[in-house]
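There are 2 protein chains.
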Amino acid sequence: MKRDRIEEIAELLDKRGKLTLEQLDDYFPHVSQMTLRRDLFQLEQEGRIIRVRGGAMSVKEVQKVSGEPYTKKTAIHTDEKIKIAQKAARLIDENTSLFIDGGTTAMYLAKELPDLNVHIFTNGLAVAIELAQKKNVNLTVLGGQVLKENLSTASPVAKSYFDNTNFELAIISASAFTLSNGFSCGSQVEADLLKLTRKKARAMYMMLDSSKIGKIMPYTFARLEDIDVLITDDNFPADLKEKFTSRNIVIM
Amino acid sequence: MKRDRIEEIAELLDKRGKLTLEQLDDYFPHVSQMTLRRDLFQLEQEGRIIRVRGGAMSVKEVQKVSGEPYTKKTAIHTDEKIKIAQKAARLIDENTSLFIDGGTTAMYLAKELPDLNVHIFTNGLAVAIELAQKKNVNLTVLGGQVLKENLSTASPVAKSYFDNTNFELAIISASAFTLSNGFSCGSQVEADLLKLTRKKARAMYMMLDSSKIGKIMPYTFARLEDIDVLITDDNFPADLKEKFTSRNIVIM
DNA sequence: ATTTCCTTGCGAAAATTTTTTTCACAATAT
DNA sequence: ATATTGTGAAAAAAATTTTCGCAAGGAAAT
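Residue numbers (our numbering), protein chains in the order written: chain A, 1 to 252; chain B, 1001 to 1252.
This is the structure:
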């Protein structure tokens, strides 16, 4: 029905922030652009979105922080990251406790996550703001020096948070991966934090879009064998897949 | 010059919320629509406005509209808060170290703050994201449980951050103030954190818009005599002013 | 000091894109 | 049976972007 579609559009816009008509058309191939246009018009009337040239944006999105360098970064490989985030979101069970890192993929995960009763630890500011919207999510932010490139925090003091806390699962992402150098990132303290996370968590899920493969960043924080599940996209090379599966790592 | 005109457009948009190109053309008859278009484009790049078909609207305007528990709160008394934040921003010197709290007024302060070489500690997520935009600001976020109403963190562990750090100045705000109950807020841990801040900081500046006066919240974290400077708006009652000035508290 | 070159800001018109309007038709409700 | 609602296609109307050209101001070179 019409209302369903409109609600779906609204939801989509809240998640994605901004969509062009063409993107919407991809999501709703069975209706015409004209219909989508009219839906957008109605949502605008309801004050939930703002129509901009070419499409529309969510009011919520605008309310978030504006104009930052960070959002620019989120623009690349968006679709893959969202797909990966959706896969990851399905793996999270109610009444668990988990760690999510501060990367952009993690932010999409935060958006996609249903409003479950879970306890989440994160070192990502953007992740935290997304999760703070969910009523049932209990949320703890690890403090520390803020890394401006990815809006995440890292600090040796974060250890003290971990002393008295536990979590079953850590879902993290890496900036780079090669077989010989493992999973790496660009900051020393971040790497330390992630290593520590590896120790605390019973299981570790890695979100890695295929564009990261073959790249190397300065600080390795995990090796292939450290992870339990790899969540990636369809472009992940088949030969590499084998290396993971032969070590009993599940690929999703 | 160009920059002047752009600023004027931004100001105009903040005041009027939304303007069409024709309206803008009326305001600036000496330049072409094309030029105004380009100005709007630039302002959009800066994240200060959103271009919509026919013209543009101020981001601030959009923020006032709707939704979230948090953003709703930012909508009220916006103008006063911004003015107070502007006053506070002028009081911050380069090469200092300071604490800013996590309230909405603090977020406006973060927005208004020039890109100075300072070190800032904050327990506010929205504050942190704003500050992360500034290249020269060195930023540390205090971690902890996230309070969803105001997107700030609070945790006993935050103490450990303070152990090895120093700051001269704390600029904070309160949810409520009365003479007999002092400055109060709605969360125990937050109150604890602010008390601790009071001890660490050499000086304490309080941002308080006059709507907070006469209200009482559960947890008092400071009394009148604990603060050094009060930053408020024009509606601050004269009789109360006297109580502050008689204790050598500067009112701005 | 003058000239040259480059950058920046601006406007006009063309080209493009998006949006709105209009009309028609089918499905559903009254 | 007659309205009403939702929809799509195509035409019409804007609005926006692009392209080109020009002029003013500064910097660098002569």
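Virtual Cβ for every residue (Gly too), placed ideally from N, Cα, C.
CA-to-CA distance, residue j to residue i, given in whole angstroms
{"i": "B/V1137", "j": "B/I1120", "result": "7 Å"}
{"i": "B/K1148", "j": "A/Q133", "result": "7 Å"}
{"i": "A/G54", "j": "A/D14", "result": "17 Å"}
{"i": "A/T220", "j": "A/L21", "result": "41 Å"}
{"i": "B/G1182", "j": "B/L1098", "result": "23 Å"}
{"i": "B/L1113", "j": "B/A1089", "result": "5 Å"}
{"i": "A/Q23", "j": "A/R48", "result": "19 Å"}
{"i": "B/E1068", "j": "A/D239", "result": "In this predicted model, B/E1068 has a pLDDT of only 38, less than 50, meaning its place in the structure is not dependable; the value taken from the coordinates is given anyway. One C-alpha to the other measures close to 46 Å."}
{"i": "B/E1046", "j": "B/K1081", "result": "22 Å"}
{"i": "A/Y161", "j": "B/K1002", "result": "50 Å"}
{"i": "A/P29", "j": "A/R5", "result": "12 Å"}
{"i": "B/K1200", "j": "B/K1159", "result": "10 Å"}
{"i": "A/T165", "j": "B/E1242", "result": "49 Å"}
{"i": "B/D1101", "j": "B/F1236", "result": "22 Å"}
{"i": "B/F1041", "j": "A/P218", "result": "38 Å"}
{"i": "A/A174", "j": "A/A85", "result": "14 Å"}
{"i": "B/L1116", "j": "B/L1012", "result": "27 Å"}
{"i": "A/R202", "j": "A/T96", "result": "12 Å"}
{"i": "B/R1016", "j": "B/K1135", "result": "31 Å"}
{"i": "A/V157", "j": "B/L1224", "result": "33 Å"}
{"i": "B/I1249", "j": "B/I1050", "result": "42 Å"}
{"i": "B/A1128", "j": "A/D163", "result": "25 Å"}
{"i": "B/K967", "j": "B/T1105", "result": "The structure shown does not extend to residue 967 of chain B, since chain B is modelled only from 1001 through 1252, so no value can be given for it."}
{"i": "B/K1083", "j": "B/V1052", "result": "28 Å"}
{"i": "B/V1189", "j": "A/V189", "result": "27 Å"}
{"i": "B/R1037", "j": "A/L125", "result": "34 Å"}
{"i": "A/F177", "j": "A/E94", "result": "31 Å"}
Limits of the beta strand (DSSP E) - the one that residue i falls within
{"i": "B/I1216", "result": "Neither: B/I1216 is in no beta strand (DSSP E) and is coded neither H nor E."}
{"i": "B/A1170", "result": "L1169 to S1173"}
{"i": "B/R1051", "result": "I1049 to V1052"}
{"i": "A/N138", "result": "N138 to V141"}
{"i": "B/H1119", "result": "H1119 to T1122"}
{"i": "B/S1058", "result": "G1055 to S1058"}
{"i": "B/T978", "result": "There is simply no residue 978 of chain B to check, as chain B begins at 1001 and stops at 1252 in what is shown."}
{"i": "B/L1230", "result": "V1229 to I1231"}
{"i": "A/I100", "result": "S97 to I100"}
Where the alpha helix (DSSP H) containing residue i begins and where it ends
{"i": "A/T35", "result": "Q33 to Q45"}
{"i": "B/Q1255", "result": "Lying before the first or after the last residue shown, residue 1255 of chain B is absent from chain B, which here runs from 1001 to 1252."}
{"i": "B/Q1188", "result": "Q1188 to K1200"}
{"i": "A/L131", "result": "L125 to L131"}
{"i": "B/F1244", "result": "A1238 to T1245"}
{"i": "A/R3", "result": "K2 to R16"}
{"i": "A/L109", "result": "T104 to E112"}
{"i": "A/T78", "result": "T78 to R90"}
{"i": "A/S160", "result": "A158 to D163"}
Candidates the options, of which the one nearest residue i by Cα
{"i": "A/L169", "options": "A/Q145, A/L196 and A/I213", "result": "A/L196"}
{"i": "B/L1131", "options": "B/N1150, B/Y1108 and B/N1164", "result": "B/Y1108"}
{"i": "A/L43", "options": "A/Y27, A/N95, A/R16 and A/E7", "result": "A/E7"}
{"i": "A/K18", "options": "A/H30, A/G47 and A/V59", "result": "A/V59"}
{"i": "A/D233", "options": "A/E190, A/T153 and A/S210", "result": "A/S210"}
{"i": "A/A56", "options": "A/S184, A/R3, A/D25 and A/I84", "result": "A/D25"}
{"i": "A/T35", "options": "A/I9, A/F221 and A/G143", "result": "A/I9"}
{"i": "A/G103", "options": "A/T96, A/K2, A/K212 and A/L21", "result": "A/K212"}
{"i": "A/A110", "options": "A/A222, A/D163, A/M1 and A/I172", "result": "A/I172"}
{"i": "B/N1123", "options": "A/G143, A/L224 and A/N123", "result": "A/G143"}
{"i": "A/D226", "options": "A/R247, A/V157, A/R16 and A/D79", "result": "A/R247"}
{"i": "B/S1187", "options": "B/D1163, B/A1126 and B/V1146", "result": "B/V1146"}
{"i": "A/V118", "options": "A/T105, A/I92 and A/A106", "result": "A/I92"}
{"i": "B/A1222", "options": "B/L1125, B/S1184 and B/A1106", "result": "B/S1184"}
{"i": "A/R198", "options": "A/L125, A/F167 and A/A126", "result": "A/F167"}
Classification of residue i by the beta-carbon crowding that lies within 10 angstroms, buried from 16 upward
{"i": "A/T245", "result": "exposed"}
{"i": "B/D1039", "result": "buried"}
{"i": "B/L1179", "result": "exposed"}
{"i": "A/I321", "result": "Any answer about residue 321 of chain A is impossible in this case: the structure gives chain A only from 1 up to 252."}
{"i": "A/T140", "result": "buried"}
{"i": "A/S32", "result": "exposed"}
{"i": "B/Y1027", "result": "exposed"}
{"i": "B/I1251", "result": "exposed"}
{"i": "A/T78", "result": "exposed"}
{"i": "A/S66", "result": "Only weak support exists for where A/S66 lies, its pLDDT of 44 falling under 50; the value from the coordinates is given anyway. Answer is buried; the Cβ neighbour count reaches 16."}
Contact test: residue i Cβ vs the ligand FAD heavy atom, cutoff 6 Å
{"i": "B/L1193", "result": "Ligands in the displayed structure: none, and consequently the ligand FAD is not present."}
Stretch pair the stretch 223-242 of chain A + the stretch 200-210 of chain A: three plus CB contacts closer than 8 Å: The stretch 200-210 of chain A and the stretch 223-242 of chain A touch, with three or more beta-carbon pairs separated by less than 8 Å.
Cβ pair count under 8 Å reaching 3, the stretch 1182-1195 of chain B against the stretch 1147-1162 of chain B: Result yes; three or more Cβ-Cβ pairs closer than 8 Å.
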